[in-house]
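Heads up: the structure comes next, in structure tokens.
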Amino acid sequence: MTPLLVALYVVLLDQASKEWVRGAFALHESVELIPGFFNLTYIRNTGAAWGMFSGQNLTLALLAAVMLVALVMFRRRIMPPGTLHRVALGLLCGGIAGNLFDRLRLDYVTDYLDFYIGSWHWPAFNIADAAICIGVGIYLLGSLMTPAPEPVPPAIPPSAP
957 MTPLLVALYV VLLDQASKEW VRGAFALHES VELIPGFFNL TYIRNTGAAW
1007 GMFSGQNLTL ALLAAVMLVA LVMFRRRIMP PGTLHRVALG LLCGGIAGNL
1057 FDRLRLDYVT DYLDFYIGSW HWPAFNIADA AICIGVGIYL LGSLMTPAPE
1107 PVPPAIPPSA P
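Note that this note's numbering has the sequence shown beginning at 957, numbered continuously upward.
Written out as structure tokens, the structure reads:
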């Protein structure tokens, strides 16, 4: 599967799920799906992971756009060949693009996946966030499983006459 197809699937699934949440839930409305563990909760995140850099939407959008362009431009240098790395690249690009679309269109990112134990809640996230994390994990695993390239022997200078 090509990175572009993976990225498109991620963006479509991410945007469709966010659109559904925005249409089906009031802001901060929560529906318990797995008691004591998982809710769907509509959150507007104007920051990054864990709410860091809240209110810095333009800066975060610019950073995401730069990262997306850099990943595409330098993919051959930073991504070793192989299916795992192509999937990782697609997940990363799709996740970045999904959240970037939210930032540019809405000035916030829609989060809704709320995992918790007792009163402790992991910060809410979305499919784009999950794709980015899974993409990084696959990239790291693939890098550990990829053998190091054979060293190139030094060139032997031609002998003098």
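Every residue, glycine too, gets a C-beta built ideally from N, C-alpha and C.
query                                                                                                                            : result
Any 3 or more C-beta pairs closer than 8 Å across the stretch 1067 to 1081 and the stretch 1097 to 1115                          : no
Cut-off 8 Å between Cβ atoms - residues of its own chain near residue 1078, not counting five sequence neighbours on either side : 1070, 1071 and 1072
Reduced DSSP category for residue 997 - H, G, I as helix; E, B as strand; rest coil                                              : strand
Beta-carbon gap between residue 1083 and residue 986 smaller than 8 Å                                                            : no
Segment contact, 8 Å Cβ cut-off, at least three pairs: the stretch 1012 to 1020 with the stretch 1093 to 1113                    : no
Supposed close pair residue 1100, residue 1046 - CB separation, criterion 8 Å                                                    : Contact flag wrong, Cβ pair sits at about 20 Å.
Cβ-Cβ separation, residue 1088 to residue 1048 (assumed contact under 8 Å), whole Å                                              : 6 Å
Separation of residue 1054 from residue 976, as counted between CA atoms                                                         : 15 Å
Supposed close pair residue 1042, residue 958 - CB separation, criterion 8 Å                                                     : 7 Å
Classification of residue 1008 by the beta-carbon crowding that lies within 10 angstroms, buried from 16 upward                  : exposed
Simplified DSSP state of residue 986, which is helix, strand or coil                                                             : strand
Pick from 978, 1050, 967 and 1037 that is closest to residue 1023, judged by C-alpha positions                                   : 1050
When 1076, 1080 and 1098 are compared against residue 1001, the one with the closest alpha-carbon                                : 1080
Same chain, Cβ closer than 8 Å to residue 996, neighbours up to 5 away in sequence not counted                                   : 977, 981, 986, 987, 989, 1068, 1069 and 1070
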